[in-house]
Structure formats: C-alpha cells, structure tokens
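Letter 36 of the sequence shown, counting from 1, is numbered 1480 in our numbering, and no numbers are missing.
All C-beta atoms in this analysis are idealised placements derived from N, C-alpha and C, irrespective of residue type, glycine included.
All values reported here derive from a predicted model rather than from experimental measurement.
See below for the structure under consideration.
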Amino acid sequence: MTKSRIVSSSHLVSEQAAELSEYEYGLMVSWHAFQRWVSRCMAAAGYGDLASLDILVLHSVNHRNRAKRLADICFTLNVEDTHTVTYALKKLLKADLVTAEKRGKEVFYTTSDQGRDACQKYREVREACLVDAFQGLGGVDSQEITDTARTLRALSGLYDQAARSATSL
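Written out as structure tokens, the structure reads:
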C-alpha cells in the first residue's frame, strides 16, 4: 500500500525525497499560522496596526536591550529584502516604538520605553494564550521541540544553499 502524503503540490513530489514535499506543506501552513498568531497577539496587546514583519523586527530590536543596525536585524531574521525591514523600521519609528541614532555612517535602532512596554504586553498575551495551551498538551516532550527547531534551522540552510545554486542556473 502506498503511503498517502499530505502535500500542497503533488506535481512536485519527488520519488527521491517525497518527505520534502510534506515538510514544505507543513512549513507553509505553520508559517501562515505563525504570522496570524503574531499579528493577533500584538493586537491583543494593544497594537493592532502592525504587520507580522513589523512585530518580528520590533522583537529583534528589543532583543538583549542592545542597539541594532539594519544589517543585524536582517541577518537575525534571515530577511534578504532589506527594504521590507527598512519599511518596518519606519513604521515602528512613526509609532514611537523604536528610536534611531546615527553613529558615523550607520543608524542604530533601539526600542523606546513604549516599545519595551509593547514587547512586555505581547509577552503577557503570549503567556496567557500560547504558553498555557502548550503546557496543556502534556504529551509534548520539550526535547522533541528543541530537536524540531534544530532540524528547521538545518533545513533552512539547505534551502538557502539551493537558492544560491538556483541563481546560477
């Protein structure tokens, strides 16, 4: 009996690596669910006018309470299109959630008091809605989640390499 695979594009299923199609479908639905979650979590925290990338940029800027350059933020979030992060930073500046300081030729971004407050409120909603639900699963082993995260990072490296290879075809 042939194993039925859950995929979004059956014409892409390879006999050599059919599991990649399953992974890609899982990644796709997970990414969209994650984007929806991030936006709704921030809206529940009182900041409903931000897109998911804006929110991820805000959290990246807030990370470890250190000033970040555009290049640092893009690198951390693995965003190649710097203009999208630049636009997110402009929105965050306008909303008074981040501040910008020019040092030589570089601009460094930090979260404002209001930005840190937004991140804290987001955390509170996250704890109440997501962490509590995750804890309720009971049967999920934290090591499995760590292993899955490690696998996702490793596979993202494979996709990055494949993207580089595709540019030379």
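CB contact flag (residue i, residue j, <8 Å)
| i | j | result |
| --- | --- | --- |
| ALA1539 | LEU1497 | no |
| VAL1473 | LEU1500 | no |
| LEU1521 | CYS1563 | no |
| ARG1449 | GLU1466 | yes |
| VAL1569 | ALA1488 | yes |
| GLU1526 | LEU1514 | Note that residue 1526 corresponds to Thr in the displayed sequence, not to Glu. It is a contact, given that the beta carbons lie within the stated cut-off. |
| GLY1492 | LYS1565 | no |
Residue environment, residue i, which counts as buried when at least 16 other CB atoms sit within 10 Å
| i | result |
| --- | --- |
| GLY1421 | Residue 1421 lies beyond the stretch modelled for the chain, which goes from 1445 to 1613, so this question has no answer here. |
| ILE1589 | exposed |
| SER1494 | Strictly speaking, residue 1494 in this sequence is Leu, with Ser absent from that position. Buried, because 16 or more other Cβ atoms sit within 10 Å of the Cβ of LEU1494. |
| VAL1575 | exposed |
| LYS1512 | buried |
| LEU1581 | exposed |
| LEU1602 | exposed |
| LEU1613 | exposed |
| LEU1536 | buried |
Beta-carbon separation (whole angstroms), residue i vs residue j, contact threshold 8 Å
| i | j | result |
| --- | --- | --- |
| SER1454 | TYR1469 | Contact doesn't hold; Cβ gap of about 10 Å is too wide. |
Check: residue i C-beta below 7 Å from any heavy atom of the ligand NAD
| i | result |
| --- | --- |
| ARG1567 | Of ligands this structure carries none, so the ligand NAD is not represented either. |
Does the segment 1537-1554 touch the segment 1452-1462, meaning 3 or more C-beta pairs lie closer than 8 Å? no
Below 8 Å, how does it come out for the segment 1502-1521 and the segment 1546-1557: are there three or more Cβ pairs, yes or no? yes
Entirely enclosed beta strand (DSSP E) segments - the segment 1526-1551, minimum 3 residues: The segment 1526-1551 contains these whole beta strand (DSSP E) runs: 1542-1547.
Which ranges does the alpha helix (DSSP H) cover as unbroken runs of at least 4 residues, wholly within the segment 1503-1529, from first to last along the chain? 1514-1521
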